[in-house]
Amino acid sequence: MEGKMRKYPRPLTVTSVIVLVMALGSPMAFGATSPDIDAEIESLRRATDELLHRVKELEKKRARQSLSNSEVQAAKTPAVPIGSSKSATVATKSTGPGTIAIDELAAERALERTLTAEGALLIGPKQFDVEPYFNYVRRESDQWVLAAESDLIGIRQGRTRRNEFDLGVRLRAGLPFSSQFELDLPYRWVDQSVVRPVGLTGINEASNQGSSVGDIKVGFATTLLRERGWRPDLIGRVTWDTDTGDQVDGIVPMGIGYNELRFGLTALKRQDPLAFTASLSYTTTFEKDNIKPGDELGLLLGVSLAASPETSLSLALVQSFKKELEINGDRIAGSDQVSSVLALGASSILGRRTLFSVSLGVGLTEDAPDYSLNLSLPMRF
264 MEGKMRKYPR PLTVTSVIVL VMALGSPMAF GATSPDIDAE IESLRRATDE
314 LLHRVKELEK KRARQSLSNS EVQAAKTPAV PIGSSKSATV ATKSTGPGTI
364 AIDELAAERA LERTLTAEGA LLIGPKQFDV EPYFNYVRRE SDQWVLAAES
414 DLIGIRQGRT RRNEFDLGVR LRAGLPFSSQ FELDLPYRWV DQSVVRPVGL
464 TGINEASNQG SSVGDIKVGF ATTLLRERGW RPDLIGRVTW DTDTGDQVDG
514 IVPMGIGYNE LRFGLTALKR QDPLAFTASL SYTTTFEKDN IKPGDELGLL
564 LGVSLAASPE TSLSLALVQS FKKELEINGD RIAGSDQVSS VLALGASSIL
614 GRRTLFSVSL GVGLTEDAPD YSLNLSLPMR F
C-alpha cells in the first residue's frame, strides 16, 4: 500500500478512501465467501480505516497551516484608514539582496508636503503651516566708468558685491472651499562692497551694511480646477507685497520698500512618483518717491520626485522679465532685466509634523543672482 502511495503523487481524498472501502467490502470483488477471504477482507477494512484516519489528520494539518500563513500575510499588510482620499497600495515586495521595500504612503506624504511648501498644493481647512526660513543671495555686478589722470582718459571697471540675508517665517492657514490664507514676515540684512577705480591705476573699496524689517506679504489662494484626466490642478493666487521695509539704510540700497501686487496661476499634474508644476505670474509695482520699478512677468517650470519614502527631490527653471525703471515718469533706457535661475532642491520628513527643505539656485543670466541658498522648516498643526 505504501509503495502504491509513493507511485502516485496525488494524495488520497476522503471520498476515494470511502469508495475503496466499499469495493473491498463487497464479496463480489473476490468472487467467493470463504472464511479465509472474509478474514482478509476484515484485515483490509482495518487497514483502510487507519488510512482514512491518517488522511483526515493530514487534511486538518494542511488547513491549519493555510490559515496561519493567511494571518501572517495580513499582519504584514498595513491597514488603510477609512475615508482616505486616495486608494493606497503598500508595496510588500521581497526585501532580499538588491530589493527595497517602499512605503508608498510615506512617499506620498513627503511629496505632498514639498508641493505645499512650493505653493502647488493647498492645505486643508483648519490646518496651519508655520515655516521658519533663511535665504542667502549673492550678487555681483560690474560697471564701466570713465577715468582720467593728468591728460590721459581711460575706461575702467568697477564692481559691486552684495550679500543679502533674509530671515523670517511664513504662515499658511487652510480655509473652507479649497482656499488658503498666506502671510510672510521677513527681516533683511545686507552686506555691500563697492569697488571704484581711482584715476587710471588706483582702486578704492568701501564696505557698508544695512538692515531693515522686510516687506510683509499677505496672500490668498484658491483651487480653481481639480486634476482629472489630462486636466491638471489649477490654483489661483493674489499677493500684496507691502512697503513696510526701508528702501535705503544709510547708503546701502535694500532692494525692498515698494508696494507690489502679484497675480499668479499654478498648475500641477501628478504622474506618481513625479509631479510636474508650472506657474505664471504678473507683478505690478506702485510708484514711490517718484520712482517706479518696472512690472514683472514670471514663469516657473518644475518637476518633483518622490525619491524615497521620506524624501523628495525637485528641479525648476525660474524665469522673469522686468520692464524698464521709471524716474519722474521717464523710462531709463537699458534698465530692463531678464533673470533666469536653475533651482535644485531636496526635502525630507523629520517627524510627523516637520519637513526640512533646502534649495540651491544658480544664476543663468547676467541679471540673475550669482547663486542663492534657501533653508526652511515647515511645521504642520
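Here my numbering is used: the first residue of the sequence shown is 264, the next is one more, and so on.
For glycine and all other residues, C-beta sits at the position ideal for the given N, C-alpha and C.
Item	Value
Beta bridge counterpart(s) of N522 as assigned by DSSP	Beta-bridge pairing links N522 to no other residue.
Extent of the continuous beta strand (DSSP E) run through L463	Taken as a continuous stretch (DSSP letters only), L463 belongs to no beta strand (DSSP E), as it is neither H nor E.
Classification of I514 by the beta-carbon crowding that lies within 10 angstroms, buried from 16 upward	exposed
6 Å CB neighbourhood of E589 in its chain, flanking five on each side removed	K555
Beta-carbon separation (whole angstroms), N398 vs S635, contact threshold 8 Å	7 Å
Option nearest P388 by Cα separation, candidates N426, L434, L438	L438
Pair within 8 Å by beta-carbon distance, G417 and R459	no
DSSP state of D630 mapped onto helix, strand, coil	coil
Neighbour-count burial assignment, G597, 16 or more Cβ in a 10 Å radius	exposed
Residue span of the beta strand (DSSP E) that contains P395, given as start and end	391 to 412
For A570 and A609, the rounded distance between their alpha carbons	9 Å
Rounded C-alpha distance that separates L528 from L623	24 Å
Beta-carbon proximity check, G565 vs L578, cutoff 8 Å	yes
Residues near Q406 in its chain [Cβ-Cβ closer than 8 Å; skip 5 each side]	Q420, G421, R422, T423
E445 versus G520, R451, E394, residue with shortest Cα-Cα distance	E394
Environment of I595 [buried if 16+ CB atoms lie within 10 Å]	exposed
Pick from M517, L321, N553, D552 that is closest to N426, judged by C-alpha positions	M517
Cβ neighbours of R433 in the same chain (closer than 6 Å, five flanking residues each side left out)	E394, D447
Element boundaries [beta strand (DSSP E), containing E559]	559 to 571
Own chain partners of Q443 with C-beta closer than 8 Å, once the 5 adjacent residues on each side are dropped	L385, I386, R435, A436, G437, F483, A484, T485
Straight-line Cα distance separating Y396 from R615	19 Å
Coil, strand or helix - E490 by DSSP	coil
Spatial distance of P641 from L378 (CA atoms)	12 Å
Closest by C-alpha distance to E468, when choosing among Q455, L580, E412	Q455
Per-residue burial, A411 [other beta carbons within 10 Å of its own, 16 or more giving buried]	exposed
Between the CA atoms of A383 and D429 - distance to the nearest angstrom	23 Å
Short Cβ contact (8 Å threshold) for G520 with Q510	yes
Buried or exposed (CB count within 10 angstroms, at least 16 for buried), V408	exposed
Sheet register partners of P516 (DSSP bridge)	V511
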